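So the sequence shown is residues 1 to 279, counted in this note's numbering.
Heads up, the thing below is written out as C-alpha cells.
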Amino acid sequence: MIKSFITGPFGSSLHKSDYVTDGIPLINPMNIVDGKIIPIDKMQVSSETVERLASFKVVPNDIIIARRGDMGRCAVVCPEQDGWLCGTGSFVLRFPSALFPEYFAVCLRSSYSATYLSGNSIGNTMLNLNQAILKSILLPVPPCDEQNRIINSIYSADVYFAEITNQQDQLAAYVAMAKSKILDLAIRGQLVPQDPNDEPASVLLERIRAEKEALIKAGKIKRDKKESVIFRGEDNSYYIRQDMHTEAIDNQFIFELLDNWEWCSLFNIAKIELGENPR
C-alpha cells in the first residue's frame with residue numbers, strides 16, 4: 001500500500017511568476033527523462049515558495065510520475081533531490097520502507113503499464129491521467145528479496161546497455177527493444193531465479209494492511225471509503241471488491257502470476273494526491 005499519493009500543486013497556489021533562477025527545482029513531466037529527474041534552470045522556485053508548498057516537497061525514494069504525455073514516464077527521487085518540489089502535471093508516490101520503489105518504477109515504465117494507462121487515459125490532444133485511473137492499475141508484487149534481485153539485474157543490464165550505446169549509436173533501437181523485453185520479463189517473474197524460501201507477497205501485503213490499520217486507529221490517516229480488495233474465488237477466477245460491489249477482473253490480466261506473487265491495486269500500496277498548475 002502506498003504511504004502517500006500526492007498530486008502536484010495547481011490552481012492559485014503556484015504561478016509562473018513564482019519561477020526564479022538559482023532556486024529549488026520543480027519536477028514537471030518534462031523533467032523526467034529516461035527514468036531520471038533532470039532539472040531545468042528556468043523552472044525553479046525560491047525557498048520561500050517551497051516552504052509555502054511544503055506538502056509537495058519530495059524525499060528520496062519517492063516516485064514521480066507524469067500525469068500527461070507519455071504514459072508511464074516516471075523516476076525515483078535521488079538523495080541529492082531531497083526537498084525539490086513536485087510541479088505541474090506530476091504525481092508523487094511514496095512507499096512504505098518494506099517495498100522497493102525502484103521495482104514499482106520498473107512496473108510503471110513497462111509496456112504493460114503504458115498500454116493500460118494509455119487505454120484508460122482521458123484527453124484527445126494530449127493523454128492525461130487522473131487519480132482514479134492511476135488507482136485502478138493492477139501491479140504484480142513479488143517478495144521483497146525478489147524485488148531487490150530484479151532491480152539489481154536491471155541495473156546490471158543498464159550498465160551493459162550503456163556500453164553498447166556508447167560504442168554503436170545505430171544499435172539504439174535494438175537496445176530499446178531489449179530494455180522493454182527485460183521490463184516485461186521482470187514483472188512476469190521470468191528475469192531472476194525463483195527462491196521457494198522467499199516470503200510470499202501475500203504475507204508482505206497482509207503486513208502492510210496491518211500497518212495501515214494501525215495508522216488508522218492511531219488517527220494518523222483516514223480510512224478510504226473506496227478501498228478495494230483483490231481475491232481469487234472458488235472458481236479460481238480473480239475478483240475485485242469495492243464499495244460493496246464485486247467484479248470479475250480476469251480479463252484485465254495478460255499473463256499468469258507465479259505462486260508466491262500477488263496482484264494488487266496501486267492504490268492499496270500508495271496514497272495518491274494531485275499536483276498544481278502554475279498560472
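For every residue, glycine included, the Cβ atom is placed at its ideal position computed from N, Cα and C.
For clarity, every value in this text was computed on a predicted model and none was experimentally measured.
Check                                                                                                                                                 : Outcome
Any idea what DSSP makes of VAL45, helix, strand or coil?                                                                                             : strand
To the nearest angstrom, how far is the alpha carbon of VAL159 from that of HIS245?                                                                   : 47 Å
According to the neighbour-count rule (16 or more other Cβ atoms, all chains shown, within 10 Å of its Cβ), is VAL45 buried or exposed?               : buried
Per DSSP, what kind of secondary structure is ASN28 in: helix, strand or coil?                                                                        : coil
Assuming GLY87 and ILE37 are in contact, meaning their beta carbons sit under 8 Å apart, how far apart are those beta carbons, in whole angstroms?    : Not really, about 11 Å apart at Cβ, beyond 8 Å.
Which same chain residues, not among the five before or five after LEU139, have their C-beta less than 7 Å away from its C-beta?                      : PHE104, CYS107, CYS264, LEU266
How is THR115 classed by DSSP in three states: helix, strand or coil?                                                                                 : helix
As a quick exercise: from MET177, ASP259, ASP224, PRO39, pick the residue whose alpha carbon is nearest that of ALA132.                               : ASP224
Measuring alpha carbon to alpha carbon, tell me which of LYS135, ILE216, GLU234 ends up nearest LYS226.                                               : LYS135
Under a Cβ-count criterion, where at least 16 other Cβ atoms within 10 Å of its own Cβ denotes burial, should ASN268 be classed as buried or exposed? : buried
Which residues bound the alpha helix (DSSP H) around ILE154?                                                                                          : 144 to 167
Can you name the start and end residues of the beta strand (DSSP E) that GLN242 belongs to?                                                           : 238 to 242
By DSSP, does LEU53 sit in helix, in strand, or in coil?                                                                                              : coil
Which first and last residues belong to the beta strand (DSSP E) in which VAL141 is found?                                                            : 138 to 141
Locate the alpha helix (DSSP H) running through SER180, then write down its first and last residues.                                                  : 172 to 187
Write down the C-beta distance between GLY83 and LYS57 rounded to the nearest angstrom, noting that I regard them as a contact closer than 8 Å.       : 5 Å
Just confirm the distance between the C-beta atoms of GLY8 and SER90, as a whole number of angstroms; I'd bet it's less than 8 Å.                     : 5 Å
Name the DSSP bridge partner or partners of ALA248?                                                                                                   : TYR239
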